[in-house]
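>
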Amino acid sequence: METGTIRRDELAGGLDLYRTLESGQTYLWRRGDGDMYGGMPAPGEWYVTVVDGEVIRVRTTDDALEWESTTDAEPTVRRLLRLDDDLEAIVDAAPDDPLLDDAYAAHRGMRLVTDPPFGTLISFICSAQMRVSRIHSMVSTLAREYGDVVSFDGETYHAFPTPDQLATATESELRDLGLGYRAPYVVRTAEMVADGKAHPADARELEYEAAREFLCQFVGVGDKVADCVLLFALEFDEAVPLDTWLRSAIEEYYPDCDRGSYAETSRALREQFGGKYAGYAQTYVFHHLRTGD
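Last residue of the sequence shown: 293 in full-length UniProt numbering, with the numbers rising by one and none dropped.
1) Within the continuous alpha helix (DSSP H) that includes W29, where are the two ends?
2) Count the C-beta pairs between the stretch 95-102 and the stretch 74-84 that are closer than 8 Å, then say yes if the count reaches three, no if not.
3) So Y47 and R30 are in contact, right, with Cβ under 8 Å, and what is the actual spacing, rounded?
4) Could you pull out every residue in the same chain whose Cβ sits closer than 6 Å to the Cβ of S266, ignoring the five residues on either side in sequence?
5) Distance check for P255 and T114, CA to CA, integer angstroms please.
6) Please confirm if the stretch 63-79 is in contact with the stretch 154-167, defined as three or more CB-CB distances below 8 Å between the two stretches.
7) Would L234 pass as a contact of P200 if the rule is Cβ separation under 9 Å?
8) Contact defined as beta carbons within less than 8 Å: I believe H136 pairs with D16. What is the distance between those atoms, to the nearest angstrom?
9) Measuring CA to CA, which of T71, V77, V51 is closest to R59?
10) Measuring CA to CA, which of E10, T26, A169, R8 is closest to H287?
11) When burial is assigned at 16 or more other CB atoms within 10 Å of the CB, is S248 buried or exposed?
12) What are the boundary residues of the beta strand (DSSP E) that includes L65?
13) For R8 and A198, what's the separation of their Cα atoms in angstroms?
14) Would you mind sorting K276 into buried or exposed? The rule is 16 or more other CB atoms within 10 Å of its CB.
15) What is the DSSP secondary structure of residue 369, counted as helix, strand or coil?
16) Ignore the nearest five residues each way along the sequence and tell me which others in L215's own chain have a CB closer than 8 Å to its CB.
17) Just to confirm before moving on: does the CB-CB distance between V150 and G119 stay below 9 Å?
18) Over what stretch of residues does the beta strand (DSSP E) that includes R182 continue unbroken?
19) Rank R131, F152, I125, Y146 by C-alpha distance to the C-alpha of R2 and give the top, closest one.
20) Hey, how far is the Cα of V55 from the Cα of L174?
21) Grab me the residues of E191's own chain with a C-beta within less than 7 Å of its C-beta, minus the 5 sequence neighbours each way, in chain order.
22) Less than 7 Å between C-beta atoms, sequence neighbours within five positions excluded: which residues of the same chain meet that for E88?
23) Compare the C-alpha of M36 against each of F273, D195, R131 and name the closest.
24) Which stretch, first to last residue, makes up the beta strand (DSSP E) that contains F152?
25) Out of curiosity, what's the CA-to-CA distance linking A281 and F273?
26) Taking the alpha carbon of E252 as the point to measure from, which residue in G196, T70, E155, V285 has its own alpha carbon closest?
27) Would you mind sorting Y146 into buried or exposed? The rule is 16 or more other CB atoms within 10 Å of its CB.
28) I'd like the ranges of any beta strand (DSSP E) spanning at least 3 consecutive residues and lying wholly in the stretch 95-159.
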């Protein structure tokens, strides 16, 4: 077993691991006590994910982030949790905005994640009209039923399925697992990737709005899901997914940003939130409104 620590006071802007991993950005991590998205933090609890067949566990202590893995995972941990982001500079560069000021103050230390693109794509296809806890349950079920079993430190974990593995599923099977009308979307999208027709990672090479359009070719993917993949897997920090909470924020706080279409409204809110790091602002506002903190 490989282990390591990263001092929290060396991370510009700090790190709140609970808010980072349980704020609706990611559904590819599990919490050791099994209560991920249960609504309460669990100080010192391990979070685990499987990336490229390697198990990675992380937890925070009073002064450090600790990690354990089957390999030297510090570079991967830094990438997955965006630990090299200068969060202080991002917050300082944000526009003067009362709602955004409140969100940044209430949830300081929450970082964006960078999850694997395929798992993120499927996760957010499953997200339509679902609570975060239910989405997490769906994604965990897909891993359990179709992903590889990986053993580490006497424990058994399940990797999120590869496109080839998930493409073997049938719509009937996925409906039985609780995916409902999302089942054919998941199967068809997995087939598209497995057959080499397109891969969500290919969007990295495009300009932002072209990348969003590219992702919309996958079955079950609209503008909002595409923006989530861009923001939480492909590091398009300007992406502003317009979900129910953000649309409520527009109605109450930013009515001038409502331009009728998704593309124009998203563009206006992106400008309202400062452009380059508008996705950070969106994530903070989303979590702030959803939790009421």
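Ideal placement from N, C-alpha and C gives every residue a C-beta, glycine not left out. Note that the structure is predicted; figures quoted are calculated from it, not measured.
Taking the structure as given:
1) From DSSP, W29 is part of no alpha helix (DSSP H); its letter is neither H nor E.
2) No, because fewer than three Cβ pairs between the stretch 95-102 and the stretch 74-84 fall closer than 8 Å, the two stretches do not touch.
3) Sure, about 7 Å apart at Cβ, within 8 Å.
4) Residues of the same chain with a CB within less than 6 Å of the CB of S266, apart from the 5 flanking positions on each side, are V240, L242 in chain order.
5) Approximately 31 Å, taken between the alpha carbons.
6) Segment contact: the stretch 63-79 against the stretch 154-167, fewer than three CB-CB distances shorter than 8 Å; contact not assigned.
7) Closer than 9 Å, so yes.
8) The Cβ separation is near 18 Å, so there is no contact.
9) V77 is the residue among T71, V77, V51 whose C-alpha sits nearest the C-alpha of R59.
10) Residue T26 is the option with its Cα nearest to H287.
11) Answer is exposed; the Cβ neighbour count stays below 16.
12) First-last of the beta strand (DSSP E) with L65: 64-69.
13) Spanning the two alpha carbons is a distance of roughly 39 Å.
14) It is exposed - the Cβ of K276 has fewer than 16 other Cβ atoms within 10 Å.
15) Coverage of the chain is limited to positions 1 through 293, which leaves residue 369 absent and any answer about it impossible.
16) So the qualifying residues of the chain are L121, P200, A203, V221, V225, A226, V229, L230.
17) No; because the gap between Cβ atoms is not below 9 Å, this pair is not in contact.
18) For R182, there is no enclosing beta strand (DSSP E), as DSSP gives it neither H nor E.
19) In the sequence under discussion, the amino acid at residue 2 is Glu, which differs from the Arg named in the question. That would be F152, whose Cα lies nearest to the Cα of E2.
20) Our two residues, V55 and L174, have alpha carbons roughly 26 Å apart in a direct line.
21) Taken in chain order, the residues that qualify are A167.
22) Listed in chain order, the non-local C-beta contacts of E88 below 7 Å within the same chain comprise A12, G13, local neighbours out to five positions each way being set aside.
23) Residue R131 is the option with its Cα nearest to M36.
24) From DSSP, the beta strand (DSSP E) with F152 extends over 149-152.
25) In this structure, the CA atom of A281 is about 6 Å from the CA atom of F273.
26) The residue with the shortest Cα to Cα distance from E252 is V285.
27) By the Cβ-count criterion, Y146 is buried, with 16 or more other Cβ atoms from all chains shown falling within 10 Å of its own Cβ.
28) As far as the stretch 95-159 is concerned, its whole beta strand (DSSP E) runs of at least 3 residues are 149-152, 155-158.
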